[in-house]
């Protein structure tokens with residue numbers, strides 16, 4: 108009975124940790140304390156009612172906790188609270204039916220593995236190979252106590268230990284299974300936090316870069332407007348003197364200067380215009396033939412930061428590809444539009460005929476970047492449940508992004 112009670116406490120702690128780790132529970136120590144006390148009281152009922160019934164009640168408590176305090180939609184979250192409790196109840200019922208203490212490491216291993224896979228899936232680190240490897244380790248740990256035989260060693264084969272030693276090894280196996288869970292989960296948690304910090308720094312760098320380009324464009328525009336009155340005085344003077352040929356040349360020069368500060372694209376969306384015009388201005392400086400069509404609504408259900416990450420990185424990759432291409436072969440095609448309930452972006456640019464490994468995998472040559480820009484693009488697209496298609500062929504790069512838009 109003691110083993111079952113202690114193991115149930117361990118499961119209760121792992122269960123609560125999993126619910127916290129896979130959801131977006133609102134902050135507040137009070138509600139967590141109350142939920143924990145209710146769970147402990149329910150667990151105390153195991154002295155009078157079957158343990159599998161206790162875990163069904165724990166599942167109901169967790170589902171109510173998620174319903175009232177989780178910030179994400181309940182219809183998407185209740186399963187992560189109910190499914191583990193249903194698993195626990197089935198496992199405890201099976202263990203009670205067989206009535207063997209050697210099954211406790213097996214049951215505990217299944218619980219630890221299931222909760223670990225649930226957390227790994229939520230954090231986006233679940234891979235079939237990794238899951239199989241972790242599962243194999245838990246199978247070996249769980250099977251070890253079952254190989255032990257209690258008593259004096261006869262002539263038969265087997266691992267013979269005393270009852271005290273077997274009990275010690277049993278608890279040692281349970282402890283190793285729990286420690287393995289926290290070691291693996293801690294590693295995934297550290298990876299996630301490290302990625303989030305790197306993503307935040309990268310996002311800040313992208314925004315700083317984008318805003319610097321935008322500021323440069325509008326600084327040039329303000330400078331031209333500042334000289335507006337001086338230009339008018341020169342034009343009036345040349346008209347008064349009848350210098351029509353000189354006036355024509357002067358107006359031609361002004362027109363060229365105005366083209367440099369005028370917006371390339373007026374798509375209808377302010378952030379998209381800011382990003383496109385800043386990048387296309389750089390393309391003009393690189394002698395790139397640009398063909399850009401963009402028609403967007405004024406308000407997009409996509410955050411400005413995310414739009415900046417996607418467009419900024421794809422265009423930066425396109426512009427970086429021109430350093431080793433002759434001017435006569437440089438082109439950039441950009442197309443943005445909302446088709447139905449989808450935001451569609453297409454960027455194509457000229458490239459070398461023969462690509463190295465980094466270029467084929469969209470890895471920048473800049474030190475410390477190592478393709479992180481495309482990882483951020485992929486993460487943002489995944490955030491919106493969209494689709495990212497990257498293709499490279501001799502002479503051309505192509506990137507397509509489709510983001511579903513809510514009703």
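Numbering (my numbering), first residue to last: 108 to 514.
Cβ coordinates follow ideal geometry from the N, Cα and C atoms, glycine included.
Closest by CA to residue i, which one among the options?
{"i": "residue 118", "options": "135, 210, 425 and 218", "result": "218"}
{"i": "residue 125", "options": "178, 182, 137 and 292", "result": "292"}
{"i": "residue 278", "options": "169, 215 and 296", "result": "215"}
{"i": "residue 406", "options": "503, 287, 450 and 482", "result": "450"}
{"i": "residue 445", "options": "439, 503, 437 and 374", "result": "374"}
{"i": "residue 225", "options": "123, 416, 459 and 352", "result": "123"}
{"i": "residue 485", "options": "504, 286 and 510", "result": "510"}
{"i": "residue 303", "options": "424, 236 and 483", "result": "483"}
{"i": "residue 345", "options": "338, 281 and 354", "result": "354"}
{"i": "residue 386", "options": "413, 351 and 427", "result": "427"}
{"i": "residue 115", "options": "359, 347, 148 and 133", "result": "148"}
{"i": "residue 243", "options": "388, 342 and 284", "result": "284"}
{"i": "residue 289", "options": "487, 360 and 241", "result": "241"}
{"i": "residue 197", "options": "174, 161 and 334", "result": "161"}
{"i": "residue 388", "options": "169, 435, 200 and 422", "result": "422"}
Taking the beta strand (DSSP E) that residue i falls in, what are its first and last residues?
{"i": "residue 504", "result": "503 to 511"}
{"i": "residue 498", "result": "494 to 500"}
Please list, in chain order, all residues of the same chain as residue i whose beta carbon is under 6 Å from its beta carbon, the five residues on each side excluded.
{"i": "residue 500", "result": "none"}
{"i": "residue 121", "result": "222"}
{"i": "residue 262", "result": "Low confidence applies here, because residue 262 scores a pLDDT of 48, under 50, leaving its location unreliable; read the following figure in that light. If we look at residue 262 and ignore the five residues flanking it on each side, it has no Cβ neighbours."}
{"i": "residue 400", "result": "442"}
{"i": "residue 437", "result": "395, 429 and 457"}
{"i": "residue 475", "result": "Residue confidence for residue 475 is low, a pLDDT of 38 falling below 50, so the modelled location carries little weight and cannot support an answer."}
{"i": "residue 409", "result": "none"}
{"i": "residue 465", "result": "A caution first: residue 465 carries a pLDDT of 49, below 50, which makes its placement in the model unreliable, though a value can still be read off. Cβ neighbours of residue 465 beyond the five flanking positions: none."}
{"i": "residue 287", "result": "none"}
Tell me the DSSP bridge mates of residue i?
{"i": "residue 175", "result": "Answer is none; residue 175 lacks a bridge partner."}
{"i": "residue 376", "result": "Its beta-bridge partners do not exist; DSSP assigns none."}
{"i": "residue 457", "result": "503"}
Return the first residue and the last residue of the alpha helix (DSSP H) that residue i is part of.
{"i": "residue 132", "result": "First-last for residue 132: undefined, no H or E at that position."}
Quick one: residues in its chain with C-beta nearer than 7 Å to the C-beta of residue i, no 5 flanking neighbours on either side, listed in chain order?
{"i": "residue 239", "result": "none"}
{"i": "residue 473", "result": "Any reading at residue 473 must be qualified, since the residue scores a pLDDT of 45, below 50, and its modelled position is unreliable; no value is offered."}
{"i": "residue 230", "result": "295 and 299"}
{"i": "residue 76", "result": "Here the chain has residues from 108 to 514 only, and residue 76 is not among them."}
{"i": "residue 163", "result": "192 and 196"}
Using C-beta distances below 8 Å, list every residue in its chain close to residue i, excluding the 5 sequence neighbours before and after it, in chain order.
{"i": "residue 165", "result": "119, 122, 146, 149, 150, 192 and 195"}
{"i": "residue 153", "result": "111, 112, 115 and 161"}
Taking the runs of the beta strand (DSSP E) that are 3 residues or longer, which of them lie wholly in the segment 380 to 453? 396 to 402 and 438 to 446
Length at least 4, wholly inside the segment 184 to 246: the alpha helix (DSSP H) runs in chain order: 210 to 229
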